[in-house]
Structure formats: C-alpha cells, structure tokens
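Everything on this sheet refers to the single structure shown next.
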Amino acid sequence: MRTKTLLLIAAIGAATAATSMAQVFSVNAVGYVNKTIPQGGFAMVSNPLIAATNTINALFQPVPVGFQVFIYTPGKGFDVGTFDDLEGAFLPASVGNATLMPGQGVFVKNPSSSDVTITFVGEVPQGTLTTELVAGLQIVSSQVPQSGTASDLGLPHTTAGGLTVGDQLYQYDISTQKYAVSTFDDLEDNFLPALKPLDVGEAFFLKLAKANTWTRDFSVNQ
Numbered sequence: 001m002r003t004k005t006l007l008l009i010a011a012i013g014a015a016t017a018a019t020s021m022a023q024v025f026s027v028n029a030v031g032y033v034n035k036t037i038p039q040g041g042f043a044m045v046s047n048p049l050i051a052a053t054n055t056i057n058a059l060f061q062p063v064p065v066g067f068q069v070f071i072y073t074p075g076k077g078f079d080v081g082t083f084d085d086l087e088g089a090f091l092p093a094s095v096g097n098a099t100l101m102p103g104q105g106v107f108v109k110n111p112s113s114s115d116v117t118i119t120f121v122g123e124v125p126q127g128t129l130t131t132e133l134v135a136g137l138q139i140v141s142s143q144v145p146q147s148g149t150a151s152d153l154g155l156p157h158t159t160a161g162g163l164t165v166g167d168q169l170y171q172y173d174i175s176t177q178k179y180a181v182s183t184f185d186d187l188e189d190n191f192l193p194a195l196k197p198l199d200v201g202e203a204f205f206l207k208l209a210k211a212n213t214w215t216r217d218f219s220v221n222q
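Taken in order, the sequence shown gives residues 1 to 222; the numbers are from our numbering.
Have a look at this one:
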C-alpha cells in the first residue's frame, strides 16, 4: 500500500520526525494522509488522524460501487458494509455510521480494476495515547501517524510488557494477499519472526492471552 503523509502546522515550527513516507511538523499539527488500496485486493487500514467526522461514510470517500469495509468486533466477528452509489453511502447504515478512530482499524476490499486512494484529513493525536488491548483477537493500529514496527511505535513486546507465550501479531501483506504472522517467544522475549515495519495508517490483527494496553506519550515537538 503506497502511503504519502503530509502533516501541516497551525504554528511555525521545525521538523521533528520524518520517515521515507511521512513528515511531521510542530505544533498542533493538522493535515492529511493518503492511503492507496490496490485494485482487486484487500488491505488493513487505520484512520491515523482525528477528523471532524470519523464515520465510515465520511472517511471512505470517494470510493467505487461495491467497495467494502469490514469492521471486526472482538468475540463477534465481522460486520460488512458495501458502498451503494444510489444511496451515496455504505449499507447497512450500522456500518456506514460506525466510527473509526486512531488506534482502531478495518479490513477493506477494492473490487475495481483501478487503485483507490483514500485521503484522511484531521489533527495529529498528541498527549498520552492509550489503546485498550482485549484478551483474544482484535484489529488495532498506532495512534501516532508514523511508520515503523509495532514495537518501535510502543506496542508491548516483552514479558515485562505483559505479553504471554503464544501471543500473536498478524500483519496483512497486500503484495501476497496473505498474513505475515509473528508469535511471542519467551526465550527471545520478543516476537518471532521479527515484526515488519507498518506504513502510516496500516492496521493489524493482534491476538493476546490476556488484556493489556498500548500507551504512548507523543508530541509533535518531540
């Protein structure tokens, strides 16, 4: 998934963080993130910015007829919304009106023969950012719009961080349309095989034996 990020500023400041696919400037940064969904394929996507309206209908526009968003609820499974051009919205309405905030994520499917670019616009989350991690399976993402491995971005990845042998992270590879699975190993005290970098706005499945939290203190002035 090609990612291009440009975070603009409300006040003049110096560049404080950058990756090959993202630039962050201080302070009180607002801006946009472009996510390109490949033709005829699936992807796992997060909303990396706080938008004025964070519903599926508002965030995933414009999209072709038949574009689908899969919302996963732990312990219940997927609710699937499909874009209807006559309604100009995702149906059923329960999916179209559902919110997608930083730290969460969804599966999407682009049924068309062309790539689709989704542009997220909003404010960069700052301060103490906490994502609740449930026991079992859920889709999560970094609340901070930066690229890097999940552990680089603050996800607990050691026994001291509360992980249990057998905890797993499933990262979806859009080039192969398959998962890359890493499992927590107590002897190495980390995930094996090593976690792969996440793009800005990329979500993943996490399966934990017990509940935890993903907490990170972030400021664009860092």
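Backbone N, C-alpha and C fix where the C-beta goes; we use that ideal spot for every residue, glycine too.
Pairwise C-alpha distance: residue j and residue i
i, j, result
"S141", "L86", "32 Å"
"G200", "I56", "In the sequence as displayed, the identity of residue 200 is Val instead of Gly. Roughly 18 Å between the two C-alpha positions."
"P193", "V181", "8 Å"
"S26", "N47", "For S26, the predicted model reports a pLDDT of 42, less than 50, meaning its position is unreliable; a value from the coordinates is still stated below. Straight-line Cα distance between these residues: approximately 20 Å."
"A150", "S112", "30 Å"
"Q23", "L198", "Low confidence applies here, because Q23 scores a pLDDT of 42, under 50, leaving its location unreliable and the question unanswered by this model."
"A93", "L187", "47 Å"
"A43", "L153", "20 Å"
"M21", "A209", "Here M21 scores only 34 on pLDDT, less than 50, and its place in the model should not be relied on; the value that follows carries that caveat. In a straight line, the C-alpha of M21 is about 33 Å away from that of A209."
"T99", "N190", "32 Å"
"V65", "N54", "21 Å"
"P145", "V106", "16 Å"
"V63", "A52", "19 Å"
"V134", "L195", "20 Å"
"A58", "G81", "13 Å"
The beta strand (DSSP E) enclosing residue i, as first and last residue numbers
i, result
"S182", "K178 to D185"
"L59", "Looking at the DSSP string, L59 is not in any beta strand (DSSP E); the run it does join, the alpha helix (DSSP H), is I56 to L59."
"G229", "With the chain covering 1 to 222 only, the question about residue 229 has no answer from this structure."
"V65", "No beta strand (DSSP E) holds V65; DSSP gives it neither H nor E."
"A43", "F42 to V45"
"V134", "Here V134 belongs to no beta strand (DSSP E), and DSSP marks it neither H nor E."
"D115", "Counting along the chain, D115 falls outside any beta strand (DSSP E), and DSSP gives it neither H nor E."
"I174", "Careful: I174 lies outside any beta strand (DSSP E) and carries neither H nor E."
"T164", "Looking at the DSSP string, T164 is not in any beta strand (DSSP E), and its letter there is neither H nor E."
"T213", "N212 to F218"
Sequence-distant residues of its chain with Cβ nearer than 7 Å to residue i (five each side left out)
i, result
"I50", "P102, G122, E123 and P125"
"F132", "Reading off the sequence, residue 132 comes out as Glu, not Phe. Hits under 7 Å: T213."
"Q39", "N110, S112, S113, S114 and D115"
"N97", "T55 and N57"
Residue j beta carbon less than 8 Å from that of residue i
i, j, result
"Y32", "I139", "no"
"P74", "G166", "no"
"L163", "F184", "yes"
"A203", "V30", "no"
Cutoff 8 Å; reference residue i; Cβ partners in own chain excluding five residues on either side
i, result
"F231", "The requested residue 231 is not part of the displayed model; the chain covers only 1 to 222."
"G41", "K109, N110, I174 and Q177"
"L129", "P102, G103, Q143, V144, T215, R216, D217 and F218"
"Y179", "Y170, Q171, Y172, D173 and F205"
"T159", "D186 and D189"
"H157", "A150, S151, L163, F184, N190, F191 and L195"
"G161", "N212"
"G127", "D217, F218 and S219"
"K76", "none"
Beta-carbon proximity list for residue i, same chain, < 6 Å, skipping 5 on both sides
i, result
"D79", "I71 and V95"
"R2", "Interpretation of R2 is limited by its pLDDT of 44, a score under 50 that renders its predicted location unreliable; no figure is taken from the coordinates."
Nearest-angstrom beta carbon gap, residue j and residue i [assumed within contact, 8 Å]
i, j, result
"K207", "Q171", "Contact flag wrong, Cβ pair sits at about 12 Å."
Extent of the continuous alpha helix (DSSP H) run through residue i
i, result
"G96", "A93 to G96"
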